[in-house]
Structure formats: C-alpha cells, structure tokens
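The sequence shown begins at 3 in my numbering and counts up by one. Encoded as structure tokens, the structure appears first; notes follow it.
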Amino acid sequence: MRETVATIDPSRSHAKLVFDQAPAEPLPGADSADEVRRLLDRAAIMMAFEQVGGAQAALDMARDYALQRYAFGRPIGSFQAIKHKLADIYVAVELARSNAYYGAWALHSNAAELPIAASVARVAASDAGWLATKENIQTHGGMGFTWAFDCHLYYRRAKLLGMALGGTREWKHRLVDELKQRNTTALTAD
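Laid out in structure tokens, this is it:
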C-alpha cells in the first residue's frame, strides 16, 4: 500500500509504503546489518553532494542579491555584516564539498574509511545546507520570507535533506562510534 505524505518541501513527493504480508528474503551476505550500514553510507555520500549543490545555490543567490540590493547608496554586500555572513557560508560550503569528495573517494576505492567519510560528509553537508539557506533568507531581509524569491524553497529542501537517513545528531554519533572503534582496534593491535 502506498499513501502520499505531506512534507515541508512541496517540490519533492514522499510516500508511506506498507508491506503487509509481502514475501521477503534476508539480504545476502554474512551480516545483513553491515550491508544496511554500507547502503546508508553510500546514500549519505550521494545525498551530501545534493546538499552541497543546494548550499552553493543558496550562497550564489545571497551573493547576487547582496551585490544588486542597495541601501544608503551602496550595495548591501559592501557592509561588513553581510561580507562576514557570506564568508562563513563560503567556508562551510567548501568544507562540505571537500568532505563529500572524501566520501566519494572512499566509496569509489572501497576504502576502510567509508563509514567515517560518509559520516563526515553527511554532517558537513547538513550543516552547510542549513547555514547557507538560513543566511540566504537573512541576506534577503524581509523579501527572503516572501514567495517573490525562492529562498524558502532552498531552506525547506535543506531541512528535509538534513533529516533524511537520520538527522545530523545520528550521523555525529555514528562518527564518534566509528572513531572509538578504530582507536580501540589500534590500541589492542599495539
């Protein structure tokens, strides 16, 4: 059974799927839980790239608006508060992009670092997406909350993607658990 679900992002459809009395088989492999974790790691890296793209688009939108909107006879982008805001977004987006590339490398090379790379990519991309879209709205001022600009669409998408596959808190916990496991393994090997 499939049932449409309303979300905060009207541009992306969601549904609730119910598999009642549906035939199923266990996942192949020695440990199904490991297979599910690997699947989530792969999805996290792919989603991180989508989040980086949305964050970059929000940054570009904020920058363009700051250069064309004038206040007190000059572009608002020339004011220190706006410059710092845009610089913070730029740093967050570039950090997220770098971590997404790290995740892609780990995925492509089947590296042992895949769980760590996926967690780092997911957290950095979620944080960058939230910061970029929130500050894009702030840069646009009162206009950022209206339907005249698409700021709210990027914000909604960033919030929705940030919750998908487990929120940032869950991925931070996964990262800490992976690092603890690596450190424990390294200590016992010495």
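Even glycine gets a Cβ: it sits at the ideal position worked out from N, Cα and C. Please read these numbers as outputs of a predicted model, since none were measured by experiment.
Continuous beta strand (DSSP E) stretch holding residue i: start and end
i	result
ARG4	4-7
ALA150	First-last for ALA150: undefined, no H or E at that position.
ALA113	No beta strand (DSSP E) contains ALA113, which DSSP labels as neither H nor E.
First through last residue of the alpha helix (DSSP H) which encompasses residue i
i	result
ARG167	Checking the sequence shown, residue 167 turns out to be Leu, not Arg. First-last for LEU167: undefined, no H or E at that position.
ALA50	34-70
ALA134	116-141
ASP24	Here residue 24 turns out to be Ala, not Asp, going by the sequence shown. Where ALA24 is concerned, there is no enclosing alpha helix (DSSP H), given that its DSSP letter is neither H nor E.
Environment of residue i [buried if 16+ CB atoms lie within 10 Å]
i	result
VAL54	buried
ALA108	buried
LEU41	exposed
VAL125	buried
ARG176	buried
ARG171	exposed
VAL122	buried
TRP149	exposed
ALA26	exposed
ALA50	buried
GLY105	buried
Rounded C-alpha distance that separates residue i from residue j
i	j	result
ASP90	ALA134	9 Å
HIS154	GLU37	36 Å
ALA59	LEU189	44 Å
GLY146	ILE139	4 Å
ALA94	ALA57	9 Å
TYR103	MET48	10 Å
ASN101	ASP129	12 Å
ASP22	PHE151	43 Å
ALA160	ALA191	42 Å
ASP179	PHE81	43 Å
ASN112	ALA73	52 Å
ARG39	ARG184	16 Å
TYR156	THR187	42 Å
LEU97	ARG158	22 Å
Residues of its chain near residue i, where Cβ-Cβ distance is below 6 Å and the 5 sequence neighbours each way are ignored
i	result
LYS18	GLU5, VAL7
LEU61	ILE91, VAL95, ALA134
8 Å CB neighbourhood of residue i in its chain, flanking five on each side removed
i	result
SER15	THR6
PRO77	ALA68, LEU69, GLN70, ARG71
THR141	ALA64, TYR67, ALA68, ILE78, ILE84, LYS87, LEU88
LEU162	THR9, ILE10, ASP11, ARG14
ALA45	LEU167
ASP174	According to the sequence displayed, residue 174 carries Lys and not Asp. Cβ within range, chain order: SER121, VAL125.
8 Å Cβ cutoff, residue i in contact with chain D
i	result
GLU172	Note that chain D does not occur in the displayed structure, where there is just one protein chain.
Own chain, CB closer than 7 Å to residue i, minus 5 neighbours either side, in chain order
i	result
ASP43	LEU116, PRO117, ALA120
ALA114	none
GLY164	SER128, GLY131, TRP132, THR170
GLU52	LEU163
Beta-bridge pairing of residue i - partner residues as DSSP gives them
i	result
LYS174	Bridge partners of LYS174: none, in fact.
LEU181	DSSP output for LEU181 lists no bridge partner at all.
HIS16	VAL7
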